[in-house]
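Each residue of the sequence shown is one higher than the last, beginning at 578 in our numbering.
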Amino acid sequence: MPYYPNDERWPDEYHVSPRYLAGPTFTGDPALRPLLDAGWNLNHDDLGNVYVNSPDQKLRLGYLPEGEDDALWQITAYSNAFAAPRWLVTYKDSAPTEIVTGFTTALAKAHAEGPDSYLADRGGDLAELNVGTPLVAAGWSHRFTAADVIFESPDGLAEVHLRRNHLDNAAEMAGNRERWLTLAGPPDQQWYATASSHTPPALVTAMNWALTDPAPVIRYGDDVRLLPPQAKATPVTPPAPTPLDVRRAHAARARSPIGHPAAARHSTSPAARQHSLPKIPAQLSRR
Numbered sequence: 578m579p580y581y582p583n584d585e586r587w588p589d590e591y592h593v594s595p596r597y598l599a600g601p602t603f604t605g606d607p608a609l610r611p612l613l614d615a616g617w618n619l620n621h622d623d624l625g626n627v628y629v630n631s632p633d634q635k636l637r638l639g640y641l642p643e644g645e646d647d648a649l650w651q652i653t654a655y656s657n658a659f660a661a662p663r664w665l666v667t668y669k670d671s672a673p674t675e676i677v678t679g680f681t682t683a684l685a686k687a688h689a690e691g692p693d694s695y696l697a698d699r700g701g702d703l704a705e706l707n708v709g710t711p712l713v714a715a716g717w718s719h720r721f722t723a724a725d726v727i728f729e730s731p732d733g734l735a736e737v738h739l740r741r742n743h744l745d746n747a748a749e750m751a752g753n754r755e756r757w758l759t760l761a762g763p764p765d766q767q768w769y770a771t772a773s774s775h776t777p778p779a780l781v782t783a784m785n786w787a788l789t790d791p792a793p794v795i796r797y798g799d800d801v802r803l804l805p806p807q808a809k810a811t812p813v814t815p816p817a818p819t820p821l822d823v824r825r826a827h828a829a830r831a832r833s834p835i836g837h838p839a840a841a842r843h844s845t846s847p848a849a850r851q852h853s854l855p856k857i858p859a860q861l862s863r864r
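Here it is, written out as structure tokens:
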């Protein structure tokens, strides 16, 4: 049935899955909230770009709708306030906001734990593959090439690439190369996320958990038109009112011209998953 935003047959709220096909919510607030709740500082420029810094200035996030490219989210870490960036994580402007929120939630926690959590170096091939465990646990396949390990979602619409070759640090910090590359969505609606070589494994793991979380995300009526055809949008039907609800509604309308109160929104919780680790081919494990 075609979608008409004023047609009462269409509900206002939908559960969308998989979440990596849901698109953004067109507001960065949910992903900024974990950092602001942790006491990080908020600033903005005249163009509408937003900057959030940890109190010690060692972690910085830019929300850049008026940035130089389509990397809407850019997150960096520093050993001290005047050092060069230690690592860089980016998300494209069309990345689902809930997936970015999964990363910023982990980032706020890492900062609270201290530098060993947000500046820890990567630990070699085995640690890198362990970072991919959420992908394998979600049923993603993996294959090895000479330069990459490539994880692929069951529907073939998302991939995560782990580069195994040497990368130039300056190129990574400039956003021209990456250790981890996520690509999700059909070709005409594809978004990306990146993480550089020195991004702590726990934070890359958080990126992958957020990517594979099976819980659907909420999108509203008009946004459904923008979803790719492979996304599943399930209408959220509010429960039938009880006689008590009806009496309360009548009483509320009698007291106020505003009308019906807004229905409560519900979301589901992620399901428990078993961890597993991809087996390293013998010829690669010796490198």
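Quick reminder that beta carbons are idealized off the backbone N, C-alpha and C, glycines included.
This structure is a prediction, so every number in the text was calculated from the model and none was measured.
Member of the options whose CA lies at the smallest distance from the CA of residue i
i: residue 804; options: 767, 786 and 773; result: 767
i: residue 765; options: 594, 717 and 598; result: 598
i: residue 648; options: 696, 769 and 625; result: 769
i: residue 761; options: 673, 824 and 609; result: 673
i: residue 715; options: 774, 596 and 750; result: 596
i: residue 692; options: 771, 635, 720 and 661; result: 635
i: residue 776; options: 792, 791 and 694; result: 694
Inter-residue Cα distance where the pair is residue i and residue j
i: residue 745; j: residue 663; result: 13 Å
i: residue 638; j: residue 722; result: 33 Å
i: residue 718; j: residue 685; result: 30 Å
i: residue 813; j: residue 653; result: 38 Å
i: residue 724; j: residue 670; result: 28 Å
i: residue 779; j: residue 747; result: 23 Å
i: residue 650; j: residue 668; result: 5 Å
i: residue 689; j: residue 607; result: 19 Å
i: residue 612; j: residue 633; result: 13 Å
i: residue 658; j: residue 819; result: 58 Å
i: residue 815; j: residue 737; result: 37 Å
i: residue 735; j: residue 683; result: 22 Å
i: residue 743; j: residue 600; result: 33 Å
i: residue 665; j: residue 593; result: 29 Å
Cβ-Cβ separation, residue j to residue i (assumed contact under 8 Å), whole Å
i: residue 808; j: residue 676; result: Incorrect: roughly 14 Å between the Cβ atoms, too far for contact.
i: residue 711; j: residue 630; result: About 28 Å separates the two Cβ atoms, so there is no contact after all.
i: residue 781; j: residue 708; result: 5 Å
Residues bridged to residue i [DSSP beta-bridge criterion]
i: residue 667; result: 651 and 771
i: residue 721; result: 726
i: residue 794; result: 593
i: residue 687; result: None; residue 687 has no bridge partner.
i: residue 757; result: 739 and 772
i: residue 621; result: 627
i: residue 639; result: 628 and 651
Distance cut-off 8 Å: residue i Cβ against heavy atoms of the ligand ATP
i: residue 635; result: Judged by which ligands are present, the structure shown has none, so any question about the ligand ATP falls away.
**Any 3 or more C-beta pairs closer than 8 Å across the stretch 632-652 and the stretch 724-737** = no
**Message:** When you compare the stretch 746-758 with the stretch 792-801, are there three or more beta-carbon pairs, one atom per stretch, that lie closer than 8 Å?
**Reply:** no
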